[in-house]
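These protein sequence lines map, in sequence, to chains W and G. Numbering follows our numbering, in which position 121 of the first sequence is assigned residue number 891; successive positions increment by one, without gaps. Numbering follows our numbering, in which position 101 of the second sequence is assigned residue number 871; successive positions increment by one, without gaps. Cβ coordinates follow ideal geometry from the N, Cα and C atoms, glycine included.
There are 2 protein chains.
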Amino acid sequence: MIRLFVPFDLLAEAPVALDPDQSRYLAQVMRRGPGDEVLLFNGRDGEWRAAITAVTKRAVQLRLVGEERAQAFGPDLDLVVALVKRARLEVIVEKAAELGARRVRPVVTERTNADTARLPRLRAIATEAAEQTGRLDVPELVEPMRLDALLAGWEPGRRLLFCDEAGDALPVLQALAGQEAGPWAILIGPEGGFSPDERARLRAQPYAVAASLGPRILRADTAAISALTLWQAALGDWRP
Amino acid sequence: MIRLFVPFDLLAEAPVALDPDQSRYLAQVMRRGPGDEVLLFNGRDGEWRAAITAVTKRAVQLRLVGEERAQAFGPDLDLVVALVKRARLEVIVEKAAELGARRVRPVVTERTNADTARLPRLRAIATEAAEQTGRLDVPELVEPMRLDALLAGWEPGRRLLFCDEAGDALPVLQALAGQEAGPWAILIGPEGGFSPDERARLRAQPYAVAASLGPRILRADTAAISALTLWQAALGDWRP
């Protein structure tokens, strides 16, 4: 069934109307009409079944017919990722949504050669991926900041899995063995790697765990997907 | 340093010449000239440092100056993947190369809606990814076949990790716990999933291990990357 992320509250029996883009998608692209049902979620009120009551020129109107799932969130996991080329950053945001990250924080590192991200586009990608993957929230896209500023203001209690391709770190599963769940972040560097200063600074943080992603050189998108997967399997909601 | 996969033998001191495409890439795109060094590998003779001796209109000529690494192969791992949309299949082939699969076997399943793959293009993608990721071989791209034919002629001794989104299978790490390394394959279905007949048949195979990839719906490329990552971490060359 089609799932849509909507901004409005979801309350039993309430009539609701979709915005022009979603109305066009539902009525014209997907050819849904009165009586057809869709699923709606807003990141706060769970997932609701809704039936189309009318399709006008301006909007698709629906009535909420029942709550399918109560609101729930995945693990409190941030993906901190160096700004990489636009196409690869878009893939990373899509995959972060599928793999259950709660936030994506683009950062500027010494070897990053981009310093802007098109956040509205990235937010649209995150929303569409969240709709498709079945989660009940959309990952937050945070304004890019410098890595050193992020580390200087690091949130107390949040641990950091730091994927260190250059070093002799343990593989991720071994590095995470014995670690506790709770707030975590995964840090993926730029394709040129971290600078020696950045590596030294990261390795000196008491909240940071360095880990290796195998014997081959990975592109940034592959590294992000692999690290998210292993973290979910070790400490997240892929555990039995 | 630039790495190139070449078809010819690599023998100490031997003069070699690159084909027109690689010659153009090296001389014109990357602007390398006499005295510059590159790395060559052919999947048989290890990795060699080679110095450019001449750049002519027809070819870049080199002399092999030393073996950097002896030939080695990753685990004997096949990725069996349903034919999905072209762009996603290309991503899957790139990632299979980065994540150390030895072969990619596209298959046609009941719910596959494509039945052709552009193998020359997929082979070029696999080669470029192998060059970038640092491996000493290129994954083999096998001609597509039907899933039922592949199962009917299954290679004795090869185990199969079957990613079963619809079932109640254990998560991958738990499903692989206690399994032995050796020849394995990973099977990724089409975005529409396997048919009930296919699932029943797969689950009945003594060599097959069903596993789940977490609580969210994954696109085929994400599922392939996650499964390859977890297999490598559990039984492959990402182990300590």
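- For W:A990, the uninterrupted alpha helix (DSSP H) segment begins and ends at A990 to L1005.
- Distance from W:I822 to W:R801 at the Cβ level is roughly 11 Å; contact not present, criterion being Cβ atoms closer than 8 Å.
- DSSP places W:Q831 within a strand segment (E or B) once states are collapsed to three.
- Within the same chain, Cβ atoms closer than 6 Å to the Cβ of W:A797 are found at V825 and V830, the five residues on either side in sequence being excluded.
- Your pair G:A939 and G:A980 checks out as a contact, with CB atoms roughly 4 Å apart and the cut at 8 Å.
- Distance from the CA atom of W:W1001 to the CA atom of G:L943, rounded to whole angstroms, is 12 Å.
- With the criterion set as a beta carbon lying under 8 Å from some beta carbon of chain G, the members of the segment 926-945 of chain W are L940, P941, V942, L943 and Q944, in sequence order.
- Contact between the segment 923-930 of chain W and the segment 853-865 of chain W is not established, with fewer than three Cβ pairs separated by less than 8 Å.
- In the structure shown, the three-state DSSP call for G:P777 is coil.
- Contacts with chain G at 8 Å (Cβ-Cβ) include W:K865.
- What W:I987 touches in chain G, judged by beta-carbon distance under 7 Å, is Q902, T903 and G904, going in chain order.
- Using a C-beta cut-off of 8 Å, the segment 777-792 of chain W makes contact with the segment 804-814 of chain W, since at least three inter-stretch Cβ pairs fall below that distance.
- The beta strand (DSSP E) runs of length 3 or more contained entirely in the segment 914-956 of chain W are, from start to end of the chain, 929-933.
- For the segment 993-1004 of chain W, the residues whose beta carbon sits under 7 Å from a beta carbon of chain G are, in order, I995, S996, T999, L1000, Q1002 and A1003.
- Rounded to whole angstroms, G:C933 and G:R858 show a C-alpha spacing of 17 Å.
- Proximity of G:E868 to chain W, defined by a Cβ-Cβ separation below 8 Å, is satisfied.
- Following the DSSP letters along the chain, one finds W:D791 inside the alpha helix (DSSP H) bounded by residues P790 to R794.
- The beta carbon of W:L921 is closer than 8 Å to those of R971, L972 and Q975 in its chain, skipping five residues each way along the sequence.
- DSSP links G:G836 through a beta bridge to G:R819.
- Classified as exposed, W:G948 has fewer than 16 neighbouring CB atoms from the shown chains inside 10 Å of its CB.
- Close partners of G:D918 in chain W (Cβ separation under 7 Å) are lacking, with about 29 Å as the shortest Cβ gap.
- In this structure, the straight-line span from the alpha carbon of G:V851 to that of G:E961 is close to 11 Å.
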